[in-house]
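A.B. asks:
Protein chains: 2
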Amino acid sequence: MSSQHVPNGSTVAELGEFGLIRAVTENRRQPESTLLGPGDDAAVVAAADSRVVASTDVLVQGVHFRLDWSTPQQVGRKAVAVNLADIAAMGAVPTAVLVGLACPADTPADLVRGLTDGMWEEAAGAGAGVVGGDMVQADQLVVSITALGDLRGRAAITRSGARPGDVVAVCGRLGWAAAGLAVLHRGFRSPVSVANAQRFPEPVYAAGPAAAKAGATAMIDVSDGLLADLGHIAEASGVGIDVRTELLDVHPRLVEVGTALGADPLHWVLTGGEDHALAATFPPFADLPEGWRRIGAVTMPDSGVTVDGAAYAGESGWQHWLS
Amino acid sequence: MSSQHVPNGSTVAELGEFGLIRAVTENRRQPESTLLGPGDDAAVVAAADSRVVASTDVLVQGVHFRLDWSTPQQVGRKAVAVNLADIAAMGAVPTAVLVGLACPADTPADLVRGLTDGMWEEAAGAGAGVVGGDMVQADQLVVSITALGDLRGRAAITRSGARPGDVVAVCGRLGWAAAGLAVLHRGFRSPVSVANAQRFPEPVYAAGPAAAKAGATAMIDVSDGLLADLGHIAEASGVGIDVRTELLDVHPRLVEVGTALGADPLHWVLTGGEDHALAATFPPFADLPEGWRRIGAVTMPDSGVTVDGAAYAGESGWQHWLS
Chain Z
1 MSSQHVPNGS TVAELGEFGL IRAVTENRRQ PESTLLGPGD DAAVVAAADS RVVASTDVLV
61 QGVHFRLDWS TPQQVGRKAV AVNLADIAAM GAVPTAVLVG LACPADTPAD LVRGLTDGMW
121 EEAAGAGAGV VGGDMVQADQ LVVSITALGD LRGRAAITRS GARPGDVVAV CGRLGWAAAG
181 LAVLHRGFRS PVSVANAQRF PEPVYAAGPA AAKAGATAMI DVSDGLLADL GHIAEASGVG
241 IDVRTELLDV HPRLVEVGTA LGADPLHWVL TGGEDHALAA TFPPFADLPE GWRRIGAVTM
301 PDSGVTVDGA AYAGESGWQH WLS
Chain A
1 MSSQHVPNGS TVAELGEFGL IRAVTENRRQ PESTLLGPGD DAAVVAAADS RVVASTDVLV
61 QGVHFRLDWS TPQQVGRKAV AVNLADIAAM GAVPTAVLVG LACPADTPAD LVRGLTDGMW
121 EEAAGAGAGV VGGDMVQADQ LVVSITALGD LRGRAAITRS GARPGDVVAV CGRLGWAAAG
181 LAVLHRGFRS PVSVANAQRF PEPVYAAGPA AAKAGATAMI DVSDGLLADL GHIAEASGVG
241 IDVRTELLDV HPRLVEVGTA LGADPLHWVL TGGEDHALAA TFPPFADLPE GWRRIGAVTM
301 PDSGVTVDGA AYAGESGWQH WLS
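Chains as they are written, first to last, in the UniProt record's numbering: chain Z, 1 to 323; chain A, 1 to 323.
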């Protein structure tokens, strides 16, 4: 998976756009779904069932990642992962990634190589190819990823299909990235498993299509925090959702970190974003697919999102645009 | 086509991400190909022939556009147009656009509304929908667009199919955006038709699929300059290309501006980027579709791009990453 060697110490300006693109695209293996990869005006990607799922996310240095906390490779993994999680949350299988990269002219070419190594690694792990992109000059490092996916003939699982009586379930970790953020903010680098959860998420991509096959009625990628994102399902579906804390997995490692930092690990689990777990609703008697665990139930219309039957006291998730 | 009213003088931070997304997506009309539009984790777009064409371009304030030269709406049109031109250059019909937008928290919401108005206008004119996106905070305004398209069952027209003896042809304007740049750089605002060519291109999207139907052997979007982009075809196809200046349309308006500014209008036509004309090669006896005009011929392998049979003396196009 590693990319071509670039001269030590080169900047992106010295290498030039075409040299840089060559350095980060040569000798990469594309999946079968990549019908035409990088190097032309556009890529061509298979869309077997005559539909394509598409999502874009933008990550900005200093806002969504810090290069004093994360390696370029970890940032590349994160940038792709947050997008592929959106594809999985529709019940689709990731097929392709396009990369828009803006960075200063004096950015080390090695940094861009690390970023793209991480992108290819994460995409390949999900079965997707990096099929195209654009690299331009800017004052700040900005990574914009568009991910494409294949619904394999099934209906897309939107946020709006939850019905009263449905089971609410999640697959993947909750609270880890928030705990990692707390750790890194205090200047610590350990526990590594917790710090790394902030550096890059590890979404369970296959859990999305599995949930769709199992009859999921609504699904979302937990990017803003469990309560905030269940709120999006509740609003779109016109239902309430009650989360039962006794069903939540508060990992001993989070308890340990919470104790050390004087923080409530349950708050991280309920409100921490960036782990990119999947949350979904299923019919009352559905068999949950492997890795999915029940955490609550869909309640009556317009009752909002509650925790153990009551409103949650704290902030329910990531607030965008606070400055 | 106009978007919802947003409170006068609001910044994006005051409106918030969700308020902003609502303001720029409500009451927009989607084409039939948009199976699921904005508002969920991802969009779903029709890909009728089981393939999707995809391309990403990033535009940065101060690098690719200036808000003292262009209105936000013109920037929005340009951002979408440069991407849709890539789709057309594969011979495909545009279907959808996704928007990644990064901007400072104090950016006026009206500016973002103007940008997105321009994006919807340009996309709608090409038959495409704006199906999704992401808005995040950054120090600088960065617009990343991904465009999707439909090949309608035809093969993609790449850069690599040109053969010696083929006719070289273009559809669309050449040199106008470069002339516009020269005008704006001198502090002029007229001729408006020339200045506007720099503010936003007007690619002839339908010319791409028409060329594919007519048997085009290679095609490219002229974004870096005619000679530079024909160079990409020559390199990918392993051929030479000779451009005949007597076949080039140097519009009287460009001659007039060139005379006024002491510049050579033919140089603009040969090397000016950003007009997003399409350049293609066709078999020797092909009937060129409407709007396409012959400008030269494909010559022997490895003879490079020549003008009237000789190497061109000047810089052949836009140099990326010069700092």
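In this text, a Cβ means the ideal position worked out from N, Cα and C, and glycines have one as well. All of these numbers come straight from a predicted model, not from anything done at the bench.
Can a CB atom of chain A be found closer than 8 angstroms to the CB of L148 (chain Z)?
C.D. replies: Residue contact with chain A for L148 (chain Z): present (Cβ-Cβ distance below 8 angstroms to some residue of chain A).
A.B. asks: Just reading off the beta strand (DSSP E) that A279 (chain A) is part of, what are its end residues?
C.D. replies: A277 to F282
A.B. asks: Which stretch, first to last residue, makes up the alpha helix (DSSP H) that contains G180 (chain Z)?
C.D. replies: W176 to H185
A.B. asks: Comparing C-alpha positions only, which one of Z:A279, Z:Q61 and Z:R22 sits nearest to V222 (chain Z)?
C.D. replies: If we check each option's Cα against that of V222 (chain Z), Z:A279 comes out closest.
A.B. asks: Taking only the alpha-carbon atoms, compute the straight-line gap between L270 (chain Z) and T281 (chain Z) and give it to the nearest angstrom.
C.D. replies: 17 angstroms
A.B. asks: What is the rounded straight-line gap between the Cα of M300 (chain Z) and the Cα of L35 (chain A)?
C.D. replies: 29 angstroms
A.B. asks: Contact between the region 42-53 of chain A and the region 42-53 of chain Z: three or more CB pairs below 8 angstroms?
C.D. replies: The region 42-53 of chain A is in contact with the region 42-53 of chain Z.
A.B. asks: Does R113 (chain A) have its Cβ less than 8 angstroms from a Cβ in chain Z?
C.D. replies: no
A.B. asks: Give a yes or no on whether the C-beta atoms belonging to Q73 (chain A) and G114 (chain A) are separated by under 8 angstroms.
C.D. replies: Taking the C-beta atoms as reference points, G114 (chain A) is found nearer than 8 angstroms to Q73 (chain A).
A.B. asks: Quick one: is I233 (chain Z) near chain A, going by C-beta distance under 8 angstroms?
C.D. replies: No - not a single Cβ of chain A is within 8 angstroms of the one on I233 (chain Z).
A.B. asks: Mapping the DSSP letters down to three states, classify F285 (chain A) as helix, strand or coil.
C.D. replies: In the structure shown, F285 (chain A) sits in coil (DSSP, three-state: anything other than H, G, I, E or B).
A.B. asks: For L67 (chain Z), decide whether its Cβ has a neighbour in chain A, counting only Cβ atoms nearer than 8 angstroms.
C.D. replies: No, because no Cβ of chain A sits closer than 8 angstroms to the Cβ of L67 (chain Z).
A.B. asks: Identify, in the order they occur along the chain, each residue of the same chain with its Cβ nearer than 8 angstroms to the Cβ of M119 (chain A), setting aside the five sequence neighbours on each side.
C.D. replies: Same-chain partners within the cutoff: G76, R77, A79, V80, V97, V99, V130 and I145.
A.B. asks: Looking at chain Z, is there any beta carbon in it that lies within less than 8 angstroms of the beta carbon of S70 (chain A)?
C.D. replies: no
A.B. asks: Alpha carbon to alpha carbon, what distance is there between A179 (chain A) and R189 (chain A)?
C.D. replies: 12 angstroms
A.B. asks: Using a Cβ cut-off of 8 angstroms, pull out every chain Z residue sitting near L98 (chain A), in sequence order please.
C.D. replies: A54, S55, T56 and T146
A.B. asks: Since I believe D41 (chain A) is in contact with S160 (chain Z) (beta carbons under 8 angstroms), could you give me their beta-carbon distance rounded to a whole number of angstroms?
C.D. replies: At roughly 12 angstroms, the Cβ-Cβ gap does not stay under 8 angstroms, so S160 (chain Z) and D41 (chain A) are not in contact.
A.B. asks: Using 8 angstroms as the limit for Cβ to Cβ distance, is R51 (chain A) near chain Z?
C.D. replies: yes
A.B. asks: Heavy atom of the ligand FAD less than 7 angstroms from the Cβ of A42 (chain A), yes or no?
C.D. replies: Inclusion of the ligand FAD in the displayed structure is not the case, the ligand content being empty and no account of it being possible.
A.B. asks: My guess is that V142 (chain A) and Q137 (chain Z) are in contact by the Cβ rule of under 8 angstroms, so how many angstroms apart are they, rounded?
C.D. replies: About 11 angstroms separates the two Cβ atoms, so there is no contact after all.
A.B. asks: Measuring only the C-alpha atoms, how far is A214 (chain Z) from W176 (chain Z)?
C.D. replies: 27 angstroms
A.B. asks: Using a Cβ-Cβ cutoff of less than 7 angstroms, which residues in the same chain neighbour H232 (chain Z) once the five nearest sequence positions on both sides are dropped?
C.D. replies: R159 and I220
A.B. asks: Can we say the region 294-308 of chain A touches the region 240-255 of chain A, given the rule of at least three CB pairs closer than 8 angstroms?
C.D. replies: yes
A.B. asks: Quick one: which chain A residues come within Cβ less than 8 angstroms of T158 (chain Z)?
C.D. replies: L36 and D40
A.B. asks: Output the boundary residues of the beta strand (DSSP E) element that contains S190 (chain A).
C.D. replies: Careful: S190 (chain A) lies outside any beta strand (DSSP E) and carries neither H nor E.
A.B. asks: Against chain Z, with Cβ distances strictly below 8 angstroms, would V305 (chain A) count as a contact?
C.D. replies: no
A.B. asks: Expressed to the nearest angstrom, what Euclidean distance is found between the alpha-carbon atoms of M1 (chain Z) and G91 (chain Z)?
C.D. replies: Confidence at M1 (chain Z) is low in this model, with a pLDDT of 34, below 50, so the placement of that residue is unreliable and no value is reported for it.
A.B. asks: Does the count of Cβ pairs from the region 198-214 of chain Z and the region 149-158 of chain Z closer than 8 angstroms reach three?
C.D. replies: yes
A.B. asks: Note down, in chain order, each residue of its chain lying with its Cβ closer than 6 angstroms to the Cβ of T259 (chain A), except the 5 sequence neighbours on either side.
C.D. replies: none
A.B. asks: For the beta strand (DSSP E) that I295 (chain A) lies in, which residues bound it at each end?
C.D. replies: Counting along the chain, the beta strand (DSSP E) containing I295 (chain A) begins and ends at R293 to T299.
A.B. asks: Which residues does DSSP pair with M119 (chain A) in a beta bridge?
C.D. replies: According to DSSP, M119 (chain A) bridges with nothing at all.
A.B. asks: When the cut-off is 8 angstroms and only beta carbons count, does M90 (chain A) lie next to chain Z?
C.D. replies: yes
A.B. asks: Helix or strand or just coil, what does DSSP make of G18 (chain A)?
C.D. replies: Correcting the residue identity first, residue 18 (chain A) is Phe in this sequence and not Gly. Three-state result, F18 (chain A): helix.
A.B. asks: Since S160 (chain Z) is in the alpha helix (DSSP H), which residue starts that stretch and which ends it?
C.D. replies: From DSSP, S160 (chain Z) is part of no alpha helix (DSSP H); its letter is neither H nor E.
A.B. asks: Take the Cβ of V168 (chain A) as the centre, count every other Cβ of all protein chains shown within 10 Å, and call the residue buried at 16 or more, exposed below.
C.D. replies: buried
A.B. asks: Distance, Cα to Cα, A13 (chain A) vs A102 (chain A)?
C.D. replies: 12 angstroms
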